[in-house]
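K.L.:
Residue numbers (numbering that gives the first Met the number 0): 0 to 684.
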Amino acid sequence: MLRTLVMLALLVAAAASPQSPEQLNFLTGLTEFRDLREMLPSYLRQKAGDLLADRARLVARFSGPEDLAKRRQYVRERMLAAIGGLPERTPLNARQVGVIEREDYRIEKIIFESQPRLYVTANLYLPKRGQPPYPAILYPLGHESGAKAHTAWQQMLGSLAKKGFVGLAWDPAGQGERSQFWDVDLNASKLGSSTVEHTMLGIQCVLTGDNMARYTISDGIRALDYLLSRKEVDPARVGVTGNSGGGTHTAYLAALEDRLHVAAPSCYLTSWGQLLRTIGPQDAEQCLLPWIGAGLDHADFIHAFAPKPYLMLSAIRDFFSITGARGTYEEARRVYTLLQVPEKFDKVEADDGHGYTKPRRLAAYNWFGRHLKGMEDRAEEPEVVQAAEQELWCTPTGQVATSLGGEDVFTLNRKRAEALKAQRGAARDLAARVGSLIGLEPPRGEVPTRPYGTFTRPGCRVEKLVYESEQGIVVPGLLFVPDGGPAQKPAVVYVNGAGKAAGMEDVEPLIRAGLVVLAVDVRGWGETQPARTRPSGEFTRWFGDYESAMTALVLGKTLVGMRALDVSRGVELLARRPEVDAQRIYGHGKGGGAVPVLYAALADTRLRRVALEGLLASYEAITLQRIHREVFEQVVPGILKHGDIPDLLVALAPRPVAVLSIADPLGRVEPRAGAPKPVEFFSRP
Numbered sequence: 000m001l002r003t004l005v006m007l008a009l010l011v012a013a014a015a016s017p018q019s020p021e022q023l024n025f026l027t028g029l030t031e032f033r034d035l036r037e038m039l040p041s042y043l044r045q046k047a048g049d050l051l052a053d054r055a056r057l058v059a060r061f062s063g064p065e066d067l068a069k070r071r072q073y074v075r076e077r078m079l080a081a082i083g084g085l086p087e088r089t090p091l092n093a094r095q096v097g098v099i100e101r102e103d104y105r106i107e108k109i110i111f112e113s114q115p116r117l118y119v120t121a122n123l124y125l126p127k128r129g130q131p132p133y134p135a136i137l138y139p140l141g142h143e144s145g146a147k148a149h150t151a152w153q154q155m156l157g158s159l160a161k162k163g164f165v166g167l168a169w170d171p172a173g174q175g176e177r178s179q180f181w182d183v184d185l186n187a188s189k190l191g192s193s194t195v196e197h198t199m200l201g202i203q204c205v206l207t208g209d210n211m212a213r214y215t216i217s218d219g220i221r222a223l224d225y226l227l228s229r230k231e232v233d234p235a236r237v238g239v240t241g242n243s244g245g246g247t248h249t250a251y252l253a254a255l256e257d258r259l260h261v262a263a264p265s266c267y268l269t270s271w272g273q274l275l276r277t278i279g280p281q282d283a284e285q286c287l288l289p290w291i292g293a294g295l296d297h298a299d300f301i302h303a304f305a306p307k308p309y310l311m312l313s314a315i316r317d318f319f320s321i322t323g324a325r326g327t328y329e330e331a332r333r334v335y336t337l338l339q340v341p342e343k344f345d346k347v348e349a350d351d352g353h354g355y356t357k358p359r360r361l362a363a364y365n366w367f368g369r370h371l372k373g374m375e376d377r378a379e380e381p382e383v384v385q386a387a388e389q390e391l392w393c394t395p396t397g398q399v400a401t402s403l404g405g406e407d408v409f410t411l412n413r414k415r416a417e418a419l420k421a422q423r424g425a426a427r428d429l430a431a432r433v434g435s436l437i438g439l440e441p442p443r444g445e446v447p448t449r450p451y452g453t454f455t456r457p458g459c460r461v462e463k464l465v466y467e468s469e470q471g472i473v474v475p476g477l478l479f480v481p482d483g484g485p486a487q488k489p490a491v492v493y494v495n496g497a498g499k500a501a502g503m504e505d506v507e508p509l510i511r512a513g514l515v516v517l518a519v520d521v522r523g524w525g526e527t528q529p530a531r532t533r534p535s536g537e538f539t540r541w542f543g544d545y546e547s548a549m550t551a552l553v554l555g556k557t558l559v560g561m562r563a564l565d566v567s568r569g570v571e572l573l574a575r576r577p578e579v580d581a582q583r584i585y586g587h588g589k590g591g592g593a594v595p596v597l598y599a600a601l602a603d604t605r606l607r608r609v610a611l612e613g614l615l616a617s618y619e620a621i622t623l624q625r626i627h628r629e630v631f632e633q634v635v636p637g638i639l640k641h642g643d644i645p646d647l648l649v650a651l652a653p654r655p656v657a658v659l660s661i662a663d664p665l666g667r668v669e670p671r672a673g674a675p676k677p678v679e680f681f682s683r684p
């Protein structure tokens, strides 16, 4: 509940202009709401903390191998469900396209197909000394520039080859020779970075109920298939290691693949609790949905691999929290002790920053030597000749897109979306399923509300108020009550993605027509917009409030569903006002506010008619256009299995709905010919 406030301290001087920012955005500067812009991130972290605490109590009850076997099965099931399952295994059609000779090893340039015509470029490091079959290391790559040509990767793979290991590294989708958004004029990715490429595609995958990790994990499994096809490799002695995004995929692949015997992820494992307190959720393939909502954390990747040898490699000054890594280590150490193999689990910390630096590389050599060769390896790291990036290319142009063409993640996901559209039936019962799809259960009952003063405008009284949508979430609103007219008037909940202060030109005609208007800043907009967004400003440019939207999905919720709840609570507030005719409450959503209002109307039949401006044309459109902008906050996982925005509009029948304009996935708005003005639509009998 909201705390009791001293009203006299909240009144605004009457001399202020009715349209001044301090009246429209009236909470700014108030001590009571000094943390308002941290409200949404704090709320999400609290929800995550509650779920993670439940998980911790469950894990604490593990008592032996049977519990761990069940956990391993559960983790794998949830991982596969989160990524939409794995693609069918098809012929690799692998071919060698070049060789680089070194004194102690050779580097083969390999191209294989992880799916038909989905080409993967790889480098295979083969020892020239010793007796095959050799132990082998699968080496998924991080996000660093150069992909398989990155200097640290070459150093480690060359060192492993000198030490008698076969090593295989491949370009992940979106990196190296496999940019998914290659621009021949720029001679670079249109999007600039691999993390943006991954997330641009990842959002499209979420709509089909998949994850970008479906493709990156599949590439890793097929890389393992290729590695084990080589006669030089001993299939009973295979390890996996990588750094950062490669550490992520080391954790993923180890959790899923029985053919891997030793694992050593570097600079990835922390904990979700610490991740949300620090850098926030990372790019799309690093966020399996709904991981926290499914009762899982980073340590579960280790549990799924136990009791096989597992080494955590951490950096004290990494952006992946060392506190989280230490907590995960303690939990996993208890598990390995329960399994009576504590010697098979360890952690090495180096007092440095992010990267597969020499201290961690040396620890990995020793770990793999001990568990794959039966001997300690504490020798100095050998010198390795570094190849130029172009020397390691597998394609003539250095890009699959311009040398080979074929499929990419975008085209494969588009086919997935097309198949779902063909399979799904009529959307007649879609309205009944919306609540579960977006994670919305609108509470009924009185809405805790506090006033913040009033002011007058020509023809109306304006009340400044805040209502509590749910515990931890308050919604600032302006209630415009027209002078005169009937005692009970029709009313409109007005939601503008740019904030309530941006919508006065829309509100004025409604007031003049005699409608009560409640203009609100639903969570994350207007006065409640988070003060900062993570992981970077680059993400904000493309994906809006990525941190809040992705955190909600990891919890098993949706940001659009939470905002729909805020709208529904506004409806409840209006329905209890004496000036409002509860049988004539309408919704007006504009810009980013259109989709939340649409969902609110589907879940709350008290919204008798709805006007939508700048409504996203369809979720399908996002899967049909390679690049999209600021649609992530409106995304619902797997929605295309059930229907699309046009289906949602149909599901509102027989209630009237007016789509005044539509927006494409880049945010370009097109007015709809013949659409009524909102005031005309809401004033109809």
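Positions of the beta carbon are idealized from the N, C-alpha and C atoms, including for glycine.
Bear in mind that the values here come from a model prediction, so they are computed numbers and not experimental data.
Since G145 is in the alpha helix (DSSP H), which residue starts that stretch and which ends it?
P.N.:
Here G145 belongs to no alpha helix (DSSP H), and DSSP marks it neither H nor E.
K.L.:
Between which two residues does the alpha helix (DSSP H) carrying Q422 extend?
P.N.:
It spans 408 to 422 - the alpha helix (DSSP H) in which Q422 sits, taken as one unbroken run.
K.L.:
Here's the rule I'm using: 16 or more other beta-carbon atoms within 10 Å means buried, otherwise exposed. How should D350 be labelled?
P.N.:
Classification of D350: exposed, given that the 10 Å Cβ count is below 16.
K.L.:
May I ask which residues mark the beginning and end of the alpha helix (DSSP H) holding Q45?
P.N.:
38 to 59 is the span of the alpha helix (DSSP H), which, as asked, contains Q45.
K.L.:
Quick check on DSSP: helix, strand or coil for G513?
P.N.:
It is coil, neither helix nor strand.
K.L.:
Rounded to the nearest angstrom, how far is the Cβ of A494 from that of L477, given a contact under 8 angstroms?
P.N.:
The displayed chain sequence assigns Val, not Ala, to residue 494. Wrong, their Cβ atoms sit about 12 angstroms apart, outside the cutoff.
K.L.:
Give the DSSP-derived three-state secondary structure of Q385 in the structure shown.
P.N.:
Note: Q385 maps to coil in three-state DSSP.
K.L.:
When burial is assigned at 16 or more other CB atoms within 10 Å of the CB, is R2 buried or exposed?
P.N.:
Below a pLDDT of 50, predicted positions are generally treated as unreliable, and R2, at 42, falls in that range; the measurement from the model is reported next regardless. That one is exposed.
K.L.:
Buried or exposed for N685, please, with buried defined as at least 16 other CB atoms from any protein chain shown within 10 angstroms of its CB.
P.N.:
The question about residue 685 has no answer, for the chain in this structure spans 0 to 684.
K.L.:
In this structure, does DSSP put R101 in helix, strand or coil?
P.N.:
Coil.
K.L.:
Per DSSP, what kind of secondary structure is N24 in: helix, strand or coil?
P.N.:
Here N24 sits in coil by DSSP.
K.L.:
For the ligand MN, is there a heavy atom less than 6 angstroms away from the beta-carbon of L573?
P.N.:
Annotation note on the ligand MN: not contained in the displayed structure, which lists no ligands.
K.L.:
Could you spell out the range, first to last residue, of the alpha helix (DSSP H) harbouring W366?
P.N.:
Element bounds for W366: 357 to 371.
K.L.:
Contact between the stretch 299 to 315 and the stretch 270 to 278: three or more CB pairs below 8 angstroms?
P.N.:
Touching, no, given that fewer than three Cβ pairs across the two stretches are closer than 8 angstroms.
K.L.:
Residue range of the beta strand (DSSP E) that W169 falls in?
P.N.:
From DSSP, the beta strand (DSSP E) with W169 extends over 165 to 169.
K.L.:
Can you tell me which of the three DSSP states L79 falls into?
P.N.:
Three-state DSSP puts L79 in a helix.
K.L.:
With H, G and I counted as helix, E and B as strand and the rest as coil, what does DSSP make of Y702?
P.N.:
A question about residue 702 goes unanswered here, because the residues of the chain that appear run from 0 up to 684.
K.L.:
Counting only runs that start and end within the stretch 216 to 277, where is the beta strand (DSSP E) found for 3 or more residues in a row?
P.N.:
232 to 242, 261 to 265, all fully within the stretch 216 to 277.
K.L.:
Taking R576 and R607 to be in contact with their CB atoms under 8 angstroms, please state how far apart those CB atoms are, rounded to whole angstroms.
P.N.:
About 16 angstroms separates the two Cβ atoms, so there is no contact after all.
K.L.:
Please return the same chain residues whose Cβ sits closer than 7 angstroms to the Cβ of F344, not counting the five positions on each side in sequence.
P.N.:
Y309, A331, R332, Y335, listed in sequence order.
K.L.:
Just to confirm my understanding: we take L26, look at its own chain, exclude 5 residues before and 5 after, and list those with CB closer than 8 angstroms. What are they?
P.N.:
F32, L35, Y451, V465, P475, E526, listed in sequence order.
K.L.:
To the nearest angstrom, report how far apart A674 and Q470 are at their CA atoms.
P.N.:
One C-alpha to the other measures close to 39 angstroms.
K.L.:
What separation, rounded to the nearest whole angstrom, lies between the Cα atoms of Q130 and V383?
P.N.:
Near 21 angstroms, if we compare the C-alpha coordinates of V383 and Q130.
K.L.:
Quick check: what's the CA-CA separation for Y355 versus T539?
P.N.:
Rounded to the nearest angstrom, the two C-alpha atoms are 28 angstroms apart.
K.L.:
Which runs of the alpha helix (DSSP H) at least 4 residues long sit entirely within the stretch 519 to 590? Give them in chain order.
P.N.:
Listed in chain order, the complete alpha helix (DSSP H) runs (minimum 4 residues) inside the stretch 519 to 590 are 536 to 542, 545 to 553, 558 to 574.
K.L.:
Residues in its own chain within less than 8 angstroms of V5 by CB, not counting five upstream and five downstream?
P.N.:
Residue confidence is low: V5 scores 30 on pLDDT, short of 50, so the model does not pin down where it sits. Its coordinate-derived value is still stated next. Within the same chain, V5 has no close Cβ partners at all.
K.L.:
Roughly how many whole angstroms lie between the Cα atoms of V11 and Q22?
P.N.:
Below a pLDDT of 50, predicted positions are generally treated as unreliable, and V11, at 33, falls in that range; the measurement from the model is reported next regardless. If I take the Cα positions, the gap works out to 8 angstroms.
K.L.:
Suppose the cutoff is 6 angstroms on Cβ atoms and the five residues either side in sequence are ignored; what does the same chain contact list for G588 look like?
P.N.:
Around G588: V494, V596, L611.
K.L.:
Can you tell me which of the three DSSP states R667 falls into?
P.N.:
DSSP places R667 in coil when its eight states are reduced to three.
K.L.:
Taking only the alpha-carbon atoms, compute the straight-line gap between G368 and G244 and give it to the nearest angstrom.
P.N.:
Each residue's Cα considered, the two are about 24 angstroms apart.
K.L.:
Return the chain-ordered list of same chain residues with a C-beta closer than 8 angstroms to the C-beta of Q389, the five sequence neighbours on each side being excluded.
P.N.:
Correct list, in chain order: G397.
K.L.:
Please return the same chain residues whose Cβ sits closer than 7 angstroms to the Cβ of V521, not counting the five positions on each side in sequence.
P.N.:
Contacts found: V474, V494, R562, D565, V566, P595.
K.L.:
Helix, strand or coil: which one does DSSP assign to R332?
P.N.:
Reduced to three states, the DSSP call for R332 is helix.
K.L.:
Count the other C-beta atoms from every protein chain shown that fall within 10 angstroms of the C-beta of S62, then say buried if there are 16 or more, exposed otherwise.
P.N.:
So S62 counts as exposed.
K.L.:
My output table needs one value for R398: the three-state DSSP class, helix, strand or coil.
P.N.:
The sequence shown places Gln at residue 398, rather than the Arg named in the question. Coil.
K.L.:
Hey, out of G555, G373, K640, V668, whose CA is closest to P289's CA?
P.N.:
Per the Cα distances, G555.
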